[in-house]
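J.: Okay, so the sequence shown: first residue is 1 according to the numbering used here, each after it adds one. Each residue gets a CB set at the ideal place from its N, CA and C atoms; glycine is no exception.
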Amino acid sequence: MSGSNREVEVKLRFDSPEDALKRLGSVGAVESTPRSFEDNILFDRAHDPLHQTRRALRLRRVGDRAVVTYKGPLEGDHRYKVRVEHETAVDDGDAAERILHALGYEPHWRYQKYRTEFSLGALHVCLDETPLGCFVELEGAPDEIDRAAERLGFSVDDYVTASYRKLLELEAGRQGRRPWDLLFEPEDATS
Numbered sequence: 001m002s003g004s005n006r007e008v009e010v011k012l013r014f015d016s017p018e019d020a021l022k023r024l025g026s027v028g029a030v031e032s033t034p035r036s037f038e039d040n041i042l043f044d045r046a047h048d049p050l051h052q053t054r055r056a057l058r059l060r061r062v063g064d065r066a067v068v069t070y071k072g073p074l075e076g077d078h079r080y081k082v083r084v085e086h087e088t089a090v091d092d093g094d095a096a097e098r099i100l101h102a103l104g105y106e107p108h109w110r111y112q113k114y115r116t117e118f119s120l121g122a123l124h125v126c127l128d129e130t131p132l133g134c135f136v137e138l139e140g141a142p143d144e145i146d147r148a149a150e151r152l153g154f155s156v157d158d159y160v161t162a163s164y165r166k167l168l169e170l171e172a173g174r175q176g177r178r179p180w181d182l183l184f185e186p187e188d189a190t191s
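(1) Can you find the residues in the same chain that come closer than 7 angstroms, C-beta to C-beta, to Tyr105, ignoring five residues on each side of it along the sequence?
(2) Can you give me the C-alpha to C-alpha distance between Arg79 and Arg13, rounded to a whole angstrom?
(3) Nearest CA to the CA of Glu9: which residue from Asp92, Ile99, Ala149, Phe37?
(4) Work out the CA separation of Val68 and His7 for me, nearest whole Å.
(5) With DSSP collapsed to three states, give me the class of Thr161.
(6) Below 8 angstroms CB to CB, which residues in the same chain sit around Glu169 once its five sequence neighbours on both sides are set aside?
(7) Output yes or no for whether 7 angstroms exceeds the beta carbon distance between Lys11 and Glu137.
(8) Could you name the residues of the same chain whose beta carbon sits closer than 8 angstroms to that of Glu38, not counting the 5 residues immediately before and after it, in chain order?
(9) Do you know whose CA, among Cys126, Leu152, Arg55, lies nearest Arg35's CA?
(10) Please state whether the Cβ-Cβ distance between Glu85 and Asn5 is less than 7 angstroms.
(11) Are Pro17 and Glu129 touching if we call contact CB-CB under 7 angstroms?
(12) Between which residues of its own chain and Gly28 is the CB-CB distance below 7 angstroms, once the five residues before and five after are set aside?
Set out below in structure tokens:
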């Protein structure tokens with residue numbers, strides 16, 4: 001997504017990247033961006049924290065590129081994740097991070113993933129490989145999301161609308177642990 005938009009999306013959990021790729025291929029998804037490693041930092045502030053109102057400020061680094069994104073609070077239909085999103089590419093991720101620090105924002109949570117992007121009709125589709133597992137994100141109009149999910153073998157009951165942070169909090173709770181940064185082991189972050 002670029003610029004300023006309202007995003008409507010769901011995640012679908014897959015057993016493996018291979019399974020996801022096979023199913024995406026079978027429904028005609030076309031790769032638009034090759035697999036790349038993403039390192040994401042969510043920033044927040046002690047005074048008036050963004051996360052308490054389910055907003056987010058993220059700096060994403062992909063190779064030598066960086067993108068700053070603001071995500072507004074969740075809206076409307078809870079069958080889908082719906083929120084305002086504003087993002088812009090920045091030439092210098094380190095400078096962007098220094099600006100965020102100067103404005104009083106500090107790193108709140110860090111997560112990594114491998115992402116491959118696809119188009120499927122009017123949908124934007126992302127295959128995300130995370131330390132929590134493999135997910136396909138479908139973004140677009142609700143009726144198109146529903147049709148694509150069904151073609152991929154999923155129903156509305158399978159939709160995941162939780163953020164990766166929330167999924168990690170749930171997993172940490174199951175393990176009786178505090179949430180941690182969602183990072184690959186060093187050898188996994190280079191493959």
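T.: By the coordinates alone:
(1) Answer for Tyr105: Phe43, Asp44, Arg45, Leu57, listed in chain order.
(2) 15 angstroms
(3) Ala149
(4) The amino acid occupying residue 7 in the given sequence is Glu; His does not appear at that position. One C-alpha to the other measures close to 16 angstroms.
(5) Taken through DSSP and simplified to helix, strand or coil, Thr161 comes out as coil.
(6) So the qualifying residues of the chain are Pro179.
(7) yes
(8) Arg60, Arg61, Val62, Gln112, Lys113, Tyr114, Arg115
(9) Answer by Cα proximity: Cys126.
(10) yes
(11) yes
(12) Excluding positions up to five away in sequence, the list reads Leu120.
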